[in-house]
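J.: Sending over a structure as structure tokens; questions will come in a sec.
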Amino acid sequence: MSVDLTTSLGSLELSAPTLTASGCAAAGRELAQFGDVSSLGAVVTKSIMMEPRSGRATPRMAETPSGMLNSIGLQGPGIEAFLEKDLSWLTENNVTTIVSIAGNNVDEFGELARILAKVPGVAGLEVNISCPNVESRGQVFACNPVSAAQVIETVRSVWHSDAPILAKLSPDVTDIVEIAHSVVEAGVHGVSMINTLLGMVIDVDKMKPMLGGRTGGLSGPAIRPVAVRAIYQVHAALPSLPILGMGGIRNGHDALEFIAAGASAVSIGTVVFGDPGAPWRIATELGKELEARGYDSLREVIGLAHHN
Amino acid sequence: MTPVGGYLHMIVDAPEVSEVQPGHFAALAVGGPNGATLLRRAFSIHKSTPGETLEFIFAPHGPGTQWLANQRAGDVIDIIAPLGKPFILPKQPIACVIVAGGYGAAPMELLARELRAHNCRVDVVLGAGTQEKLFGVLDLKSVSDSLVVTTDDGTSGVRGRVTDVLAGVITKNNSQAVYACGPMPMLQAVAEVAQANGAFSQCAVEESMACGIGVCMTCVLPIIGDDGVTRMARSCVDGPVFRGDRVRWDDVDTVPSDAFGAPRPGGH
């Protein structure tokens, strides 16, 4: 007997429970040599901006215990080239695509959403209001409930599409539930959590921060308990809000924790760097974990840890 | 696993890996499925017997390479290979120079054999800080027309750097192509000497990588494209071999202000 692993994020039905995580799979194409990208729940693209962007200076990466810091700084081709080269490939290959967008300001988020709302093949929008690799903490919209809501309201006002809007939240806040409430009131259909945590590694031979950008985003299994906690808190406060969970998921057992905490689906991020086949492997493992515990479907387990 | 000078030589069964070209690399998972090191380690492929084995040269210096050094016959290592863009071989039988620093010589025997198969003259310059850091001297001697060794401390060959002798080798043999692998400052110097002496250069760069397959955007460096525009290119999929005259060597570890998508004054 096989377990039903289909799930949904608001209006978006997913044939599989694992998605890629933004920034960890480029725009999907590079993973095609490791598996059928169209069989994933979805590809969540690396955050795209209006203009081409070079990203930050190197070194951009520092490995840390059970994790890594990255300081990429949203390198990307800009929306025009993205539509022409990346989204077209995803569409041609029947990949369910959630496009992640990032703006320097509220208007840019609105402009990106206005463009993408008209493009066929966009199954969902992930609004990255929480990238830590920006020059000013004031640009991390997800750290402030008012700024977070402003971005979502603007995106929502131009989003004439049935595809769900997800707000990507940062765990680097005092109360993530307050931020979640705020974006829900602004009209978001779901939340993605968590983005990376701001961190630093110092090279004590050179006596300076190791990353070119000085600080970076911490990801990987090191942050997994933070993600599970954040998802648990938000699901407890907003039980009907769809949650796409991510943060250090390495195997099916980890994924099951996220589902039990309240996530409807999971994104596989940093572990892809070490194991490009992980999004497919983890879906299979999740099925086995559910089956071993006597469940018939993933849906019946969403948020189950809140009832015991 | 055999010690070779200051390095370890590792041979792995890799029946799934067929064609390997000189300059291709492999990404090796380290630490086991529940270990604390998540990222793969990238190594140039030293040798390959298609459909049978891959060989690597490395020095254990961090937790990942220490783990590799502790593997024993029969242990399973998760490897993705071949990766990256290899050295481009000349279409004509020209005179070529191979320059390598330390274990940068690892992929060069394969390259020398290929060049000779294309009827190219092959002269080799190998350098290292000290004798025990040299690699591949005897092997490369057997597949080249001449070989010069340099060491910083004079414990072997000429005291000095590879670039101290490179211009002479190029001039003497009328070499038209220089192939280099080694640390970044050496590559920069080699590319400059090659250009100053009218030779074309190809350099296999060493940038730290997280994924090795083009998705993480970690291993970038400023590369001038065919259109003259500098882009932050990924050394894993756009390289690791780049034309020496296309790398903005002075700007490595920075984002040049004229690079595609570079930050503009007044905000990004």
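Residue numbers (this note's numbering), protein chains in the order written: chain A, 8 to 315; chain X, 902 to 1169. Note that beta-carbon positions come from the ideal geometry of N, C-alpha and C, so glycine has one too.
Rounded to the nearest angstrom, what separates residue 965/X and residue 226/A at their Cα positions?
T.: Stepping through the second sequence from its first residue, residue 965/X is reached at position 64. Stepping through the first sequence from its first residue, residue 226/A is reached at position 219. Taking the straight line joining both Cα atoms gives about 19 Å.
J.: Sort 944/X, 1093/X and 970/X by Cα distance to residue 1071/X and report the nearest one.
T.: Counting from one through the second sequence, the residue named residue 1071/X turns up at place 170. Closest option to residue 1071/X, Cα to Cα, is 1093/X.
J.: Quick one: residues in its chain with C-beta nearer than 7 Å to the C-beta of residue 303/A, no 5 flanking neighbours on either side, listed in chain order?
T.: Locating residue 303/A in the first sequence gives position 296, counting from the first residue. So the qualifying residues of the chain are 10 and 11.
J.: Grab the span of the beta strand (DSSP E) containing residue 948/X for me, first residue to last.
T.: For the purposes of this step, residue 948/X is taken as the residue at position 47 of the second sequence. Here the beta strand (DSSP E) through residue 948/X covers 948 to 950.
J.: Using only alpha-carbon positions, find the residue among 27/A, 156/A, 167/A and 120/A that is nearest to residue 56/A.
T.: For the purposes of this step, residue 56/A is taken as residue 49 along the first sequence, with counting starting at 1. Residue 120/A is the option with its Cα nearest to residue 56/A.
J.: For residue 1045/X, does the three-state DSSP call read helix, strand or coil?
T.: Taking the second sequence and counting its residues from 1, the one referred to as residue 1045/X is at position 144. It is coil, neither helix nor strand.
J.: Residues of chain A with CB under 7 Å from residue 1111/X, in chain order?
T.: The sequence position of residue 1111/X within the second sequence is 210, counting from 1. Those within 7 Å of residue 1111/X in chain A are 68, 75 and 280.
J.: Got a sec: is the Cβ-Cβ distance from residue 1053/X to anything in chain A below 7 Å?
T.: Taking the first residue of the second sequence as position 1, residue 1053/X is located at position 152. No, no contact with chain A.
J.: Is there a Cβ from chain X that is less than 7 Å from the Cβ of residue 65/A?
T.: Working through the first sequence from its first residue, we reach residue 65/A at position 58. Yes - at least one Cβ of chain X is within 7 Å of the one on residue 65/A.
J.: By alpha-carbon positions, which one of 1024/X, 1150/X, 971/X and 907/X ends up nearest to residue 1046/X?
T.: Looking up residue 1046/X in the second sequence gives position 145. Of 1024/X, 1150/X, 971/X and 907/X, the residue nearest in Cα terms is 1024/X.
J.: Measuring only between beta-carbons, confirm whether residue 60/A sits less than 7 Å from chain X.
T.: As a working mapping, residue 60/A is identified with position 53 in the first sequence. Closer than 7 Å to some Cβ of chain X, the Cβ of residue 60/A qualifies, so yes.
J.: State buried or exposed for residue 925/X, treating a residue as buried only when at least 16 other CB atoms are found within 10 Å of its CB.
T.: Looking up residue 925/X in the second sequence gives position 24. Buried: at least 16 other Cβ atoms inside 10 Å.
J.: Whole-angstrom Cβ separation of residue 173/A and residue 198/A, contact assumed at under 8 Å?
T.: For the purposes of this step, residue 173/A is taken as the residue at position 166 of the first sequence. For the purposes of this step, residue 198/A is taken as the residue at position 191 of the first sequence. Rounded, the Cβ-Cβ distance is 6 Å, consistent with contact.
J.: Under three-state DSSP, which class holds residue 302/A?
T.: Walking along the first sequence from the start, residue 302/A turns up at place 295. Three-state result, residue 302/A: coil.
J.: With a threshold of 7 Å between beta-carbons, can residue 286/A be considered close to chain X, or not?
T.: Residue mapping note: residue 286/A aligns to position 279 of the first sequence, counting from 1. By this cut-off, residue 286/A is not an interface position.
J.: Would you mind telling me which residues of chain A sit closer than 7 Å to residue 1127/X, beta carbon to beta carbon, in chain order?
T.: Here residue 1127/X corresponds to residue number 226 of the second sequence, with the count starting at 1. Here the premise fails: no neighbours, minimum Cβ distance about 17 Å.
J.: I'd like to know whether the C-beta of residue 79/A is nearer than 7 Å to at least one C-beta of chain X.
T.: To locate residue 79/A, count along the first sequence from 1; it is residue 72. So, interface residue.
J.: Taking 7 Å as the cut-off, decide whether the C-beta atoms of residue 286/A and residue 25/A are in contact.
T.: In the first sequence, counting from the first residue as 1, residue 286/A sits at position 279. In the first sequence, counting from the first residue as 1, residue 25/A sits at position 18. In contact: residue 286/A and residue 25/A (Cβ atoms closer than 7 Å).
J.: Which runs of the alpha helix (DSSP H) spanning at least 4 residues fall entirely within the region 984 to 1069 of chain X, listed in chain order?
T.: Counting only runs of 4 or more, we get 1009 to 1018 and 1038 to 1042.
J.: Please state if the CB of residue 946/X and the CB of residue 921/X are separated by a distance shorter than 7 Å.
T.: One-based indexing of the second sequence puts residue 921/X at position 20. One-based indexing of the second sequence puts residue 946/X at position 45. Contact: yes.
J.: When the distance is taken between beta carbons, is residue 218/A closer than 7 Å to residue 61/A?
T.: As a working mapping, residue 61/A is identified with position 54 in the first sequence. As a working mapping, residue 218/A is identified with position 211 in the first sequence. No. Outside cutoff.
J.: When you compare the CB of residue 1156/X with every CB in chain A, is at least one pair closer than 7 Å?
T.: On the second sequence, residue 1156/X is found 255 positions in, with the first residue counted as 1. So yes, residue 1156/X belongs to the interface.
J.: Can you name the residues of chain X whose CB is closer than 8 Å to the CB of residue 37/A?
T.: The sequence position of residue 37/A within the first sequence is 30, counting from 1. The answer, in chain order, is 1114, 1115, 1116 and 1138.
J.: Counting only C-beta atoms, is residue 250/A closer than 7 Å to chain X at any point?
T.: On the first sequence, position 243 is the one that residue 250/A refers to. Cβ-Cβ to chain X under 7 Å: no for residue 250/A.
J.: Measuring alpha carbon to alpha carbon, tell me which of 125/A, 68/A and 224/A ends up nearest residue 170/A.
T.: Mapped onto the first sequence, residue 170/A falls at position 163. Closest option to residue 170/A, Cα to Cα, is 125/A.
J.: On the three-pair Cβ rule with 8 Å, is the region 1029 to 1048 of chain X touching the region 980 to 995 of chain X?
T.: No: the two stretches stay apart, fewer than three of their Cβ pairs being nearer than 8 Å.
J.: Tell me which residues of the region 1019 to 1047 of chain X have at least one Cβ-Cβ distance to chain A shorter than 8 Å, keeping chain order.
T.: So nothing in the stretch comes that close.
J.: Compare the C-beta of residue 227/A against all C-beta atoms of chain X and say whether one is closer than 7 Å.
T.: In the first sequence, residue 227/A corresponds to position 220, counting from 1. Yes, because at least one Cβ of chain X sits closer than 7 Å to the Cβ of residue 227/A.
J.: Residues in its own chain within less than 8 Å of residue 215/A by CB, not counting five upstream and five downstream?
T.: The sequence position of residue 215/A within the first sequence is 208, counting from 1. Answer for residue 215/A: 209, listed in chain order.
J.: Give a yes or no on whether 7 Å exceeds the smallest Cβ distance from residue 1162/X to chain A.
T.: As a first step, residue 1162/X is located in the second sequence; it is residue number 261 there, counting from the start. So, interface residue.
J.: Sorted by chain position, which residues of the same chain lie with C-beta nearer than 8 Å to residue 195/A's C-beta, five sequence neighbours on each side aside?
T.: Along the first sequence, read from residue 1 onward, the residue named residue 195/A stands at position 188. Cβ within range, chain order: 134, 159, 163, 172, 173 and 174.
J.: Considering only their Cβ atoms, is the gap separating residue 1000/X from residue 1068/X smaller than 7 Å?
T.: Locating residue 1068/X in the second sequence gives position 167, counting from the first residue. Locating residue 1000/X in the second sequence gives position 99, counting from the first residue. Not closer than 7 Å, so no.
J.: Mark residue 967/X as exposed unless 16 or more other C-beta atoms lie within 10 angstroms of its C-beta, in which case mark it buried.
T.: As a first step, residue 967/X must be located in the second sequence, where it is residue number 66. Looking at its Cβ environment, which holds fewer than 16 other Cβ atoms inside 10 Å, residue 967/X is exposed.
J.: Could you name the residues of chain X that residue 82/A contacts, counting a contact when the two beta carbons are closer than 8 Å?
T.: One-based indexing of the first sequence puts residue 82/A at position 75. Within chain X, the residues near residue 82/A are 1118, 1121, 1133 and 1162.
J.: Who are the neighbours of residue 938/X on chain A, taking C-beta pairs under 9 Å?
T.: For this step, residue 938/X is matched to residue 37 along the second sequence. Result: 70, 72, 73 and 281.
J.: Which residues bound the beta strand (DSSP E) around residue 910/X?
T.: Within the second sequence, the letter at position 9 stands for residue 910/X. 908 to 914 is the extent of the beta strand (DSSP E) around residue 910/X.
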